[in-house]
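Q:
Number of protein chains: 2
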Amino acid sequence: MLSSMARWEPNARERLVRAAVDLFTEQGYDATTVNGIAERAGLTKTTFFRHFPDKREVLFAGQETHSRLLAEAIAASPDSATPLQAVAAALDALTATFTDDRREFAARLRTVIADNGELQERAVFKRIGLAGAMTDALRKRGVPDPTASLAAELGIRAFHDAFDLWSDRTDQQALADLTRQTLDELRAAMATLD
Amino acid sequence: MLSSMARWEPNARERLVRAAVDLFTEQGYDATTVNGIAERAGLTKTTFFRHFPDKREVLFAGQETHSRLLAEAIAASPDSATPLQAVAAALDALTATFTDDRREFAARLRTVIADNGELQERAVFKRIGLAGAMTDALRKRGVPDPTASLAAELGIRAFHDAFDLWSDRTDQQALADLTRQTLDELRAAMATLD
DNA sequence: CGAAGTGATGTGACTTGGTAACGTCACCGT
DNA sequence: ACGGTGACGTTACCAAGTCACATCACTTCG
Numbered sequence: 665m666l667s668s669m670a671r672w673e674p675n676a677r678e679r680l681v682r683a684a685v686d687l688f689t690e691q692g693y694d695a696t697t698v699n700g701i702a703e704r705a706g707l708t709k710t711t712f713f714r715h716f717p718d719k720r721e722v723l724f725a726g727q728e729t730h731s732r733l734l735a736e737a738i739a740a741s742p743d744s745a746t747p748l749q750a751v752a753a754a755l756d757a758l759t760a761t762f763t764d765d766r767r768e769f770a771a772r773l774r775t776v777i778a779d780n781g782e783l784q785e786r787a788v789f790k791r792i793g794l795a796g797a798m799t800d801a802l803r804k805r806g807v808p809d810p811t812a813s814l815a816a817e818l819g820i821r822a823f824h825d826a827f828d829l830w831s832d833r834t835d836q837q838a839l840a841d842l843t844r845q846t847l848d849e850l851r852a853a854m855a856t857l858d
Numbered sequence: 665m666l667s668s669m670a671r672w673e674p675n676a677r678e679r680l681v682r683a684a685v686d687l688f689t690e691q692g693y694d695a696t697t698v699n700g701i702a703e704r705a706g707l708t709k710t711t712f713f714r715h716f717p718d719k720r721e722v723l724f725a726g727q728e729t730h731s732r733l734l735a736e737a738i739a740a741s742p743d744s745a746t747p748l749q750a751v752a753a754a755l756d757a758l759t760a761t762f763t764d765d766r767r768e769f770a771a772r773l774r775t776v777i778a779d780n781g782e783l784q785e786r787a788v789f790k791r792i793g794l795a796g797a798m799t800d801a802l803r804k805r806g807v808p809d810p811t812a813s814l815a816a817e818l819g820i821r822a823f824h825d826a827f828d829l830w831s832d833r834t835d836q837q838a839l840a841d842l843t844r845q846t847l848d849e850l851r852a853a854m855a856t857l858d
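In order, the protein sequences belong to chains A and B. Heads up, the first sequence is in the numbering used here, so the first residue is 665 and it goes up one at a time. Heads up, the second sequence is in the numbering used here, so the first residue is 665 and it goes up one at a time.
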């Protein structure tokens, strides 16, 4: 038989994400409806909400993975590592997953988010979540507060700044390198606060 | 005549805020509808949305005032002040506006926000806005990036942490004192990052 | 081999947040 | 006395999100 004639096409989630990003870039976030996204993906509104808790979340799927990655890397770093060294190691683990072929997609995503307040709100919230995951992991290593949260927040800040640079560039500088460099600059700037 | 029989009661905005906070604490944020808020305030849904852009914003009204306060205080601080000193001065100006009779109200607000994800999202976003206002003001003083944003974020972090302590307490420690103290602790913790 | 179950999807009805067009009426200045 | 103006109400509407229930390929087990 040519195909076993499955009832549905596979990868519904991925199709929804692609449809959403496409429509958002074409018509803007506000102008595109969840119904529209689902239709383009060959699905319905209800199915969309089975995969994502709300319309915004379709752009932030997979952040839980990032949280786990960061937390595991911190837990796995040697006991001799300082808080910032553990954070740097975690960022290495995270940035390693951003291969260069995702750069263009990342840039489109960034543009969509930059054009919409609701999405910026969610993006900021997700950043806090990543920092929180690192903070918890640091605390489990015995790092006291507020040292743990300061280290985590500094690291996330470095990652975010570097991500913006990376997604805008055509040169082949890896996100991992940009992140390490940005983190160094932030550490240097800390000395100029007072 | 007994009264000039005004067409509407005054202070519609304030009545809406009070009605909202009351209902949120009574039944929770999700369970209360904008219609319900407006009715308790003797108004209608449309009028609610004339005063606030969305349901959440009723809990965060007045943050623009805070942004202005911070920015003006930073602009007014002496040229000799370091970035962190300017930030500390701005926080003094802000915390001075939180008289102790608002403490209980603040505590209720904090509880409502802590119980709801959407509200936490908005709260975090507002914090970023406050930090942004200070960052801009610092840049206008010639403070380079990323020093400006680091100082601003540290200051907002101190304010937020202190606000949580303040709203939970029954003793009479002023928010201004708590904030200064928290900021000092954060500065000390910065030295332990590496 | 057939029957019962499972899981991802569709359908339709509903609630609520949010917008927009239009109407009302006290107040204010001229 | 008269024509704004501003704050509010009314109505109708759209889109986000929820829910109960139906469907049907695929699986499993007797």
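Where a beta carbon is used, it is the ideal one built from N, C-alpha and C, also for glycine. Nothing here was measured: the structure is a model prediction, and the numbers come from that model.
1) Using a Cβ-Cβ cutoff of less than 7 angstroms, which residues in the same chain neighbour M665 of chain B once the five nearest sequence positions on both sides are dropped?
2) I want to verify the contact list: residues of chain A whose CB lies under 7 angstroms from the CB of A815 of chain B, in sequence order.
3) If you draw a straight line from the alpha carbon of G796 of chain B to that of L814 of chain B, how long is it in whole angstroms?
4) First and last residue of the alpha helix (DSSP H) that includes D828 of chain A?
5) Could you tell me whether the Cβ of E785 of chain B comes closer than 8 angstroms to any Cβ of chain A?
6) Looking at C-beta atoms only, is the number of pairs between the stretch 705-716 of chain B and the stretch 775-790 of chain B that lie closer than 8 angstroms three or more?
7) For chain B, is any of its Cβ atoms less than 8 angstroms away from the one on E678 of chain A?
8) When the cut-off is 8 angstroms and only beta carbons count, does E849 of chain A lie next to chain B?
9) By DSSP, does F762 of chain B sit in helix, in strand, or in coil?
10) Under 8 angstroms between beta-carbons, which chain A residues line up against F716 of chain B? List them in chain order, please.
11) Does the CB of L687 of chain A have a neighbour CB from chain B at under 8 angstroms?
12) Which chain A residues are close to I820 of chain B, counting only those with a beta carbon under 7 angstroms from its beta carbon?
13) So which residues on chain B does T697 of chain A lean against when the C-beta distance must stay under 9 angstroms?
14) Decide if P742 of chain B is buried, meaning its Cβ has at least 16 other Cβ atoms within 10 Å, or exposed.
15) Thinking R734 of chain A and L773 of chain A are a contact (beta carbons under 8 angstroms), I'd like their distance in whole angstroms, please.
16) What's the gap between the Cα of E736 of chain A and the Cα of R682 of chain B?
17) Just to make sure I have the definition right: I need the residues of chain B whose C-beta is within less than 8 angstroms of the C-beta of L734 of chain A. Which are they?
18) Could you tell me how far apart the beta carbons of R786 of chain A and F724 of chain A are, in whole angstroms, since I believe they sit closer than 8 angstroms?
19) Step through the CB atoms of chain B and report whether any lies within less than 8 angstroms of the CB of L758 of chain A.
A: Let's see:
1) Taking the second sequence and counting its residues from 1, one reaches residue 665 of chain B at position 1. Low local confidence applies: a pLDDT of 41 at M665 of chain B is under 50, so the model's placement there is unreliable, with the coordinate-based value given in what follows. Cβ neighbours of M665 of chain B beyond the five flanking positions: none.
2) Along the second sequence, read from residue 1 onward, the residue named residue 815 of chain B stands at position 151. The contacting residues are L857.
3) The residue labelled residue 796 of chain B in the question sits at position 132 within the second sequence. The residue labelled residue 814 of chain B in the question sits at position 150 within the second sequence. Computed Cα separation, rounded: 10 angstroms.
4) For the purposes of this step, residue 828 of chain A is taken as residue 164 along the first sequence, with counting starting at 1. Per DSSP, the unbroken alpha helix (DSSP H) holding D828 of chain A starts and ends at T811 to D832.
5) For the purposes of this step, residue 785 of chain B is taken as residue 121 along the second sequence, with counting starting at 1. Residue-level contact by beta carbon holds for E785 of chain B and chain A, with a gap shorter than 8 angstroms.
6) As far as the Cβ criterion goes, the stretch 705-716 of chain B does not touch the stretch 775-790 of chain B, which means the pair count is below three.
7) Taking the first sequence and counting its residues from 1, one reaches residue 678 of chain A at position 14. No, E678 of chain A lies away from the interface with chain B (no Cβ there is under 8 angstroms from its Cβ).
8) Numbered from its first residue, the first sequence carries residue 849 of chain A at position 185. At least one C-beta of chain B is nearer than 8 angstroms to the C-beta of E849 of chain A.
9) Within the second sequence, the letter at position 98 stands for residue 762 of chain B. Note: F762 of chain B maps to coil in three-state DSSP.
10) The residue given as residue 716 of chain B occupies position 52 in the second sequence. Ordered by position in chain A, no residue passes the 8 angstroms Cβ test against F716 of chain B, which lies about 15 angstroms from the chain.
11) What you label residue 687 of chain A is simply residue 23 of the first sequence in a count that begins at 1. No, no contact with chain B.
12) If you number the second sequence from 1, residue 820 of chain B lands on position 156. Taking a Cβ-Cβ cut-off of 7 angstroms, I820 of chain B has no neighbours in chain A, whose nearest Cβ is about 11 angstroms from it.
13) By 1-based counting over the first sequence, the position of residue 697 of chain A is 33. Correct list: empty, because the minimum Cβ distance to chain B is about 19 angstroms.
14) In the second sequence, the residue the question calls residue 742 of chain B occupies position 78. A residue is called buried once 16 or more other Cβ atoms fall within 10 Å of its Cβ, and P742 of chain B, having fewer, is exposed.
15) Along the first sequence, one-based indexing puts residue 734 of chain A at 70. Along the first sequence, one-based indexing puts residue 773 of chain A at 109. According to the sequence shown, residue 734 of chain A is Leu rather than Arg. Taking C-beta atoms under 8 angstroms as the contact rule, L734 of chain A and L773 of chain A fail to qualify, at a distance of about 20 angstroms.
16) Here the question's residue 736 of chain A lines up with position 72 in the first sequence. Here the question's residue 682 of chain B lines up with position 18 in the second sequence. Near 45 angstroms, if we compare the C-alpha coordinates of R682 of chain B and E736 of chain A.
17) Residue mapping note: residue 734 of chain A aligns to position 70 of the first sequence, counting from 1. For L734 of chain A, there are no C-beta contacts with chain B under 8 angstroms, since the nearest C-beta of that chain is about 17 angstroms from it.
18) One-based indexing of the first sequence puts residue 786 of chain A at position 122. One-based indexing of the first sequence puts residue 724 of chain A at position 60. At roughly 6 angstroms, the Cβ-Cβ gap stays under 8 angstroms, so R786 of chain A and F724 of chain A are in contact.
19) Within the first sequence, residue 758 of chain A is the residue found at index 94, counting from 1. Closer than 8 angstroms: no.
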